[in-house]
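Student: If you read the sequences in order, they're chains A, B, C and D. Residue 9 is where the first sequence starts when you use the numbering used here, and the numbers rise one by one after that. Residue 9 is where the second sequence starts when you use the numbering used here, and the numbers rise one by one after that. Residue 9 is where the third sequence starts when you use the numbering used here, and the numbers rise one by one after that. Residue 9 is where the fourth sequence starts when you use the numbering used here, and the numbers rise one by one after that. Before we start, here is the structure in question, set down as structure tokens.
Protein chains: 4
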Amino acid sequence: MAAGSTFGKNFRVTTFGESHGAALGCVIDGCPAGLYLSEDDLIPYMKRRRPGQSEFTTKRNEDDEPEILSGVFDGRTTGTPIAIMIRNRDQHSKDYSEIASYYRPGHADYTFDEKFGFRDYRGGGRSSGRETAARVAAGAVAAKLLAESGIRVRAYTRSIGPFEISGYDAEESNDLYMPDHEAYMKASEYLRELMEKRDSAGGVIECIVSGVPAGIGDPVFDKLSACLAYAVMSIGAVKGFEIGDGFESAKRTGLENNDAFINENGHVKKKTNHAGGILGGISDGSDIVFRCAVKPTASIAAAQHTVNKAGDNIEIGIKGRHDPVIVPRAVVVVEAMAAITIADAILSDSCDRLEALRGR
Amino acid sequence: MAAGSTFGKNFRVTTFGESHGAALGCVIDGCPAGLYLSEDDLIPYMKRRRPGQSEFTTKRNEDDEPEILSGVFDGRTTGTPIAIMIRNRDQHSKDYSEIASYYRPGHADYTFDEKFGFRDYRGGGRSSGRETAARVAAGAVAAKLLAESGIRVRAYTRSIGPFEISGYDAEESNDLYMPDHEAYMKASEYLRELMEKRDSAGGVIECIVSGVPAGIGDPVFDKLSACLAYAVMSIGAVKGFEIGDGFESAKRTGLENNDAFINENGHVKKKTNHAGGILGGISDGSDIVFRCAVKPTASIAAAQHTVNKAGDNIEIGIKGRHDPVIVPRAVVVVEAMAAITIADAILSDSCDRLEALRGR
Amino acid sequence: MAAGSTFGKNFRVTTFGESHGAALGCVIDGCPAGLYLSEDDLIPYMKRRRPGQSEFTTKRNEDDEPEILSGVFDGRTTGTPIAIMIRNRDQHSKDYSEIASYYRPGHADYTFDEKFGFRDYRGGGRSSGRETAARVAAGAVAAKLLAESGIRVRAYTRSIGPFEISGYDAEESNDLYMPDHEAYMKASEYLRELMEKRDSAGGVIECIVSGVPAGIGDPVFDKLSACLAYAVMSIGAVKGFEIGDGFESAKRTGLENNDAFINENGHVKKKTNHAGGILGGISDGSDIVFRCAVKPTASIAAAQHTVNKAGDNIEIGIKGRHDPVIVPRAVVVVEAMAAITIADAILSDSCDRLEALRGR
Amino acid sequence: MAAGSTFGKNFRVTTFGESHGAALGCVIDGCPAGLYLSEDDLIPYMKRRRPGQSEFTTKRNEDDEPEILSGVFDGRTTGTPIAIMIRNRDQHSKDYSEIASYYRPGHADYTFDEKFGFRDYRGGGRSSGRETAARVAAGAVAAKLLAESGIRVRAYTRSIGPFEISGYDAEESNDLYMPDHEAYMKASEYLRELMEKRDSAGGVIECIVSGVPAGIGDPVFDKLSACLAYAVMSIGAVKGFEIGDGFESAKRTGLENNDAFINENGHVKKKTNHAGGILGGISDGSDIVFRCAVKPTASIAAAQHTVNKAGDNIEIGIKGRHDPVIVPRAVVVVEAMAAITIADAILSDSCDRLEALRGR
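So this is what it looks like as structure tokens:
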């Protein structure tokens, strides 16, 4: 839809910017006053999505230096909009005339032309993965805000191609953000083979949000699960979303799938968490667990058939170095969108009960 | 979030109503003037989600008679809000004191209490499946609007439990809305067995939207795929969503997954449709294809463990007759949410180009 | 704009209904759970805008009986949408074919046709003053909510035609809601004269909101004063709005207009209240005071020139009995819109500070 | 309310920035693709609100150089968000410790502290008049867009203190933007006297929007007049708004105030324009005419009483050079807000009728 670059109701994030324009960034409106914030809080997040850090990402140097333009004074947020800008470097260095002339399969070139009649074709323009840099900056702010309430958002690579982790090894640290050494080794080998073939891979990212109190979310359209789906599906290349046991639960019976409640030391808990932490759209106090499917990188060097703007059927091989898999870099983007969504839900849930109003 | 009962930006649907309140319904704001509309357009849709029509749905009689309260004059919409009301019949006939005292597994009883401190426990209140009656009424209006542009939305049962259709048989008509006779027979048998065990099943619904022109949707947060995910995941019991090949595409390579463009009689087409009709968040002119996972009915008569409001660990069996599977009745709800989403996207996309503005 | 029948962000009111349709009403989304509410809370508000109660209002009987359709259980709000419906009685009793054929001066007949190409002409359709019945019902809920925080909204007639109150006499009670007996007597006489001439009068309504704590509102677009202006200017026939000293302050000097701050028993107070209780868009703890200008009733029986749909220049006299002044009946509508606006602002202001978030 | 820095639904403007932060600016989301746009289109607008150009504005040099960061490619808009940034120069040059310690009368110092518990006190922070620079940049884009449809927005000073123009002299050009030479001379003399007394003046700005076709706006909450009121009342220091004859019309009779329709060469026109171009919230094809009241500059050097943060009653004189009247500089801000509002209304009104949808 038109005017679709704003996300959220009470913690609102508006992003702007194209891959090769002057800059990209975001405006965060609704962040409470008093949060300690500086560029140093953003940089670790920015680095995680930056290319050039492993054999499986492009060597292109995106030295993303975020600058906070507003909304922070004396080191703390003021409650007014926080604008963050990231300059694009060397954006005029390349010849994009070829890319302008045809429609890359799996990309938004054709659909942009149909929608706008005109597009910034340099590096994918607004539909470039670079757009997510702005989301990550905003997500870093949301994550810091959530940490004040003891909420932690953590995503990782669950699978690449056919290789899936068999458990979560907190000690394992690798450039695919895959917390299982054996799966990591297999996935790495798989990726090297695809790179040889000038082909690419997809995968699945899993995210766990812990510390969300019970009672967050809304029962109808703005179910917390629906908002997370919207947030995560809005990331380029994401083709599927599931909460809790997701598509697996569709194969189960009610007895197998229902999570029994139990009294644990005076607290209502669930024996299992097939639901993924959300019941009827509202958080139930368990970990919120979801996954998303990321398609294989559309930009591949192998030969593909397509159409150029003149209408000729042609064969192309996309030049340049592209990520053979974007899953590892998308992990932090998923975290960012989850953090923004949860922050918005929490800020929106302040007046569910009359007592809250009276207390002011 | 608070105030989360409105969906859409330019074709806006607000719903209201609880399972056993006086009435439920919706207000549709933004429907263009001039559309022929009467209750007769709504009734076929309402009937499809009504219970009591097969051995696999509750016998409870919900004789849903929608009444259009506003927005229609001389048989046509006037461009002002269309309010539709559906009275709840016999809503005081039952004793709900037991259900009020404990938390049903898989239901929103506990989370409502945590959020609002208080709930209408009769028949699930706002979190009841009855809430979807209002969505279906609104969806019928959206579907009629889309038909004016040649757009058709069609959903069906893809699988129930482990039984999946192997193709789409347009001739097949059955009470599970499952377009494959063999799968239907197996699923029926499976459901009968579960009913014996006082257990329940889930399944997968597939939806195809045909006739959407290329260029609808937005490149960033309001990707058409993200909006569809939000819409469909907001239906109670839906735990997963995927567009095109979804989670399958995460296992493929780029070469396998990319859809080649081809010139067909002067039109840009795709050879395949792994993408499910949306590229970069914008429709590409192919059929839009998505699926969602529906969990097994949470209300089962078999014994389950839970906690009552006093904090005691208890064992319950949920009384009354409940649907052993809600998938068949949810098919039309999925259609409704898809129609609303596409209508909103199309009405929002009118001014992507300057020429459109000049032409007024 | 399209889809413009919803007001507010966190206390959201959507209205529907035409003068002579089946019903009109509203859906209130975002009202906290736990508020005691029944139709009895609405009726006193509804009565104040009802015609037929004085010599200066139409004798037409609008026996507005609001019915709460949802969102209330066991006498208290549940936090889910509150739908309220008011049936239109005898809406088919009159012949509107004449009114359908021409454009009444001062009315929206022509502009509706230009916008929608088609309109419900019976009694003005959606642009009828009857539309405000739905606002008043919603306003009654907002007012009850505000009362829980000690906030009171009170409007009255400040002037009718050239006759203005010279003070506020709380003892004075009359059918023009004009709290000054002498002004009331003069205004009554003035109205009787206009009725003889088949002409009509306008006037000014003043509203005072007391008890709003300092700190409510937003510094930029959503200034509390701007939101009040939007709310009140959205009432049909309102042509002007001013906060505090309004247009008078434009003639003053800074020294005359600034309100000095003073410490009163440890509290920051203002010596005067030229600002009308809002500084920089945010409430300052003083009474919020605003006024609005209501134009004279457009429907008059005296002869007027206009154009019919065939394009002929014609002379008309609008038949039927019409209010010679709508100001007294609009008083409660102004109160309603102010209450809705303040309720929305208060519910939206819950997380200005980080401490509020931590406290959850 | 929280998150209140976004204006509009389909032409959405989000602003950010404080008086002495790193930068301020805006993001415009929803501008159609294909509009020729560069910084050169913004600069003439920016210059009109810039100080330092007459004896009646501060000498402070705000050399506002807008930079378009995104949304424009090859000189034309792409349909994606247009971000515009304006760096603040020399923002650390002054000592603001004194201003931090007390509450300036007529300013938002106290209300910001009550709302956020903390504020950027340098130069007024977010509540500074500098915030309007971002609005003017966005307004310049909206104005250029409207010009494509033949719509022109034009504001001017109607009065300063007690001195009002008696007509509109298009030839007159002066630094008070007051189109009547005699009134200008008197207002100038009046301002010089106030400057001697270290006092300030207010005034009234009038705005005329010509070329808006009939049929734009919405009948209920989003009346075009209500949206204009919201837009203009959101400008700092504006205390009143009126459309057409506004408060004057409240004193008239229906016969005097109604605008008769007349057939002029086959077009429906009005003989008079008391309504100010809007009937029932929808444009009627006449010029849209409105006025707003601007209070006298709150920052004055003359002695005033106030309270400091320690709670002491003190006397202050605000140092530094301040505008003795902000009306002339606010003229372009009023134009900007009007242009943004009309652009939003036009983009939102594209699907009032079914035919429009079919035509796509």
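Every residue gets a Cβ at the ideal spot worked out from N, C-alpha and C, and that includes glycine.
#1: So, is residue 311 of chain D buried or exposed, given that buried needs 16 or more other C-beta atoms within 10 angstroms?
#2: Within its chain, find whatever has a CB closer than 8 Å to the CB of residue 281 of chain D; leave out the 5 residues flanking it on each side and keep chain order.
#3: Using the C-alpha atoms, what's the distance from residue 14 of chain B back to residue 23 of chain B?
#4: Can you give the beta carbon distance from residue 53 of chain B to residue 148 of chain B, rounded, assuming they're within the 8 Å contact cut?
#5: Please report the residue range of the beta strand (DSSP E) in which residue 74 of chain D lies.
#6: My guess is that residue 38 of chain C and residue 355 of chain C are in contact by the Cβ rule of under 8 Å, so how many angstroms apart are they, rounded?
#7: Mind listing the chain C neighbours of residue 313 of chain D? Cutoff is C-beta to C-beta under 9 Å, in chain order.
#8: So with Cβ pairs under 8 Å, would you call residue 128 of chain D a contact of chain A?
#9: Counting only Cβ pairs nearer than 8 Å, list the residues of chain A close to residue 122 of chain D.
#10: For residue 343 of chain C, does the three-state DSSP call read helix, strand or coil?
#11: Can you give me, in chain order, the residues of the stretch 69 to 81 of chain C that have a beta carbon less than 9 Å from any beta carbon in chain D?
#12: Which same chain residues, not among the five before or five after residue 143 of chain D, have their C-beta less than 8 Å away from its C-beta?
#13: Select from C:357, C:43, C:288 the residue whose C-alpha is nearest the C-alpha of residue 155 of chain C.
#14: My output table needs one value for residue 287 of chain D: the three-state DSSP class, helix, strand or coil.
#15: Considering only C-alpha positions, which residue in the set B:56, B:40, B:290 is nearest to residue 138 of chain B?
#16: Please report how far the alpha carbon of residue 260 of chain D lies from the alpha carbon of residue 201 of chain C, in whole angstroms.
#17: How should residue 170 of chain A be labelled, buried or exposed, when 16 other C-beta atoms within 10 angstroms of its C-beta is the threshold for buried?
#18: Kindly indicate which residue of B:215, B:76, B:207, B:289 has the alpha-carbon position closest to the one of residue 45 of chain B.
#19: Pull up the DSSP beta-bridge partners for residue 44 of chain D, would you.
#20: Check whether chain C comes within 8 Å of residue 43 of chain A, counting only Cβ atoms and requiring the distance to be less than that.
#21: Closer than 7 Å, Cβ to Cβ, to anything on chain D: give me those residues from the stretch 184 to 213 of chain C, in chain order.
#22: Could you tell me the alpha carbon to alpha carbon distance between residue 153 of chain D and residue 160 of chain D, rounded to whole angstroms?
#23: Residues of chain A with CB closer than 8 Å to the CB of residue 134 of chain B, please, in chain order.
#24: For the stretch 147 to 169 of chain D, which residues have a beta carbon sitting closer than 8 Å to at least one beta carbon of chain B?
#25: Going straight from the alpha carbon of residue 207 of chain C to that of residue 26 of chain D, what length do you get?
#26: How far does the beta strand (DSSP E) with residue 163 of chain A in it extend, from its first residue to its last?
#27: Could you check the C-alpha separation between residue 193 of chain C and residue 269 of chain C for me, to the nearest Å?
#28: Under the assumption that residue 94 of chain C contacts residue 74 of chain C (Cβ atoms under 8 Å), give the Cβ distance between them as a whole number of angstroms.
#29: Can you give me the C-alpha to C-alpha distance between residue 228 of chain D and residue 168 of chain C, rounded to a whole angstrom?
#30: When we look at the beta-carbon of residue 274 of chain C and count the other beta-carbons within 10 Å, is it buried (16 or more) or exposed?
#31: Mind listing which residues of the stretch 16 to 38 of chain C have their C-beta closer than 8 Å to chain A's C-betas, in chain order?
#32: Helix, strand or coil: which one does DSSP assign to residue 176 of chain A?
#33: Mapping DSSP to helix, strand and coil, what is residue 185 of chain D?
#34: Identify, in the order they occur along the chain, each residue of the same chain with its Cβ nearer than 6 Å to the Cβ of residue 50 of chain C, setting aside the five sequence neighbours on each side.
#35: Would you list the one or two residues that DSSP bridges to residue 14 of chain C?
#36: Contact criterion: CB-CB distance below 8 Å. Does residue 52 of chain B meet it with respect to chain E?
Tutor: Looking at the coordinates:
#1: Flag for residue 311 of chain D reads exposed.
#2: Once the five neighbours on either side are set aside, the close Cβ partners of residue 281 of chain D are 252, 267, 294, 295, 297.
#3: Residue 23 of chain B and residue 14 of chain B have their C-alpha atoms some 7 Å from each other.
#4: Rounded to the nearest angstrom, the Cβ distance from residue 53 of chain B to residue 148 of chain B is 4 Å, consistent with a contact under 8 Å.
#5: Looking at the DSSP string, the run of the beta strand (DSSP E) that includes residue 74 of chain D is 74 to 76.
#6: About 6 Å separates the two Cβ atoms, so the contact holds.
#7: For residue 313 of chain D, the residues of chain C that pass the 9 Å Cβ criterion are 268, 269, 270, 279, in the order they occur in the chain.
#8: Yes, because at least one Cβ of chain A sits closer than 8 Å to the Cβ of residue 128 of chain D.
#9: Neighbourhood of residue 122 of chain D in chain A, by CB distance below 8 Å: empty, with the nearest CB roughly 12 Å away.
#10: Residue 343 of chain C: helix per DSSP, three-state reduction.
#11: Listed by position, the residues of the stretch 69 to 81 of chain C near chain D (Cβ gap below 9 Å) amount to none.
#12: 21, 23, 34, 243, 341, 344, 345, 348.
#13: Proximity to residue 155 of chain C across C:357, C:43, C:288 peaks at C:43, based on C-alpha coordinates.
#14: Note: residue 287 of chain D maps to strand in three-state DSSP.
#15: The candidate whose alpha carbon is nearest that of residue 138 of chain B is B:56.
#16: For residue 260 of chain D and residue 201 of chain C, the distance between alpha carbons rounds to 14 Å.
#17: The residue is exposed, with fewer than 16 neighbouring Cβ atoms inside 10 Å.
#18: Ranking B:215, B:76, B:207, B:289 by Cα distance to residue 45 of chain B puts B:76 first.
#19: Residue 44 of chain D is bridged by DSSP to D:84.
#20: With 8 Å as the cut-off, residue 43 of chain A counts as an interface residue toward chain C.
#21: When CB distances to chain D are screened at a threshold of 7 Å, the residues of the stretch 184 to 213 of chain C falling below it are 202, 207, 208, 209, 210, 211, 212, in chain order.
#22: Taking the straight line joining both Cα atoms gives about 10 Å.
#23: Neighbours of residue 134 of chain B on chain A, chain order: 227, 228.
#24: So the close ones are 153, 156, 157.
#25: Rounded to the nearest angstrom, the two C-alpha atoms are 52 Å apart.
#26: That run of the beta strand (DSSP E) goes 160 to 168.
#27: Straight-line spacing of the CA atoms in residue 193 of chain C and residue 269 of chain C works out to 40 Å.
#28: At roughly 5 Å, the Cβ-Cβ gap stays under 8 Å, so residue 94 of chain C and residue 74 of chain C are in contact.
#29: Distance between the alpha carbons of residue 228 of chain D and residue 168 of chain C is about 25 Å.
#30: Flag for residue 274 of chain C reads exposed.
#31: For chain A, the residues of the stretch 16 to 38 of chain C that bring a beta carbon within less than 8 Å of one of its beta carbons are 17, 18, 38, in chain order.
#32: Coil.
#33: Collapsing the DSSP output to three states places residue 185 of chain D in coil.
#34: Hits under 6 Å: 74, 145, 148.
#35: Answer is C:22, bridged to residue 14 of chain C.
#36: Among the protein chains of the structure shown, namely A, B, C and D, there is no chain E.
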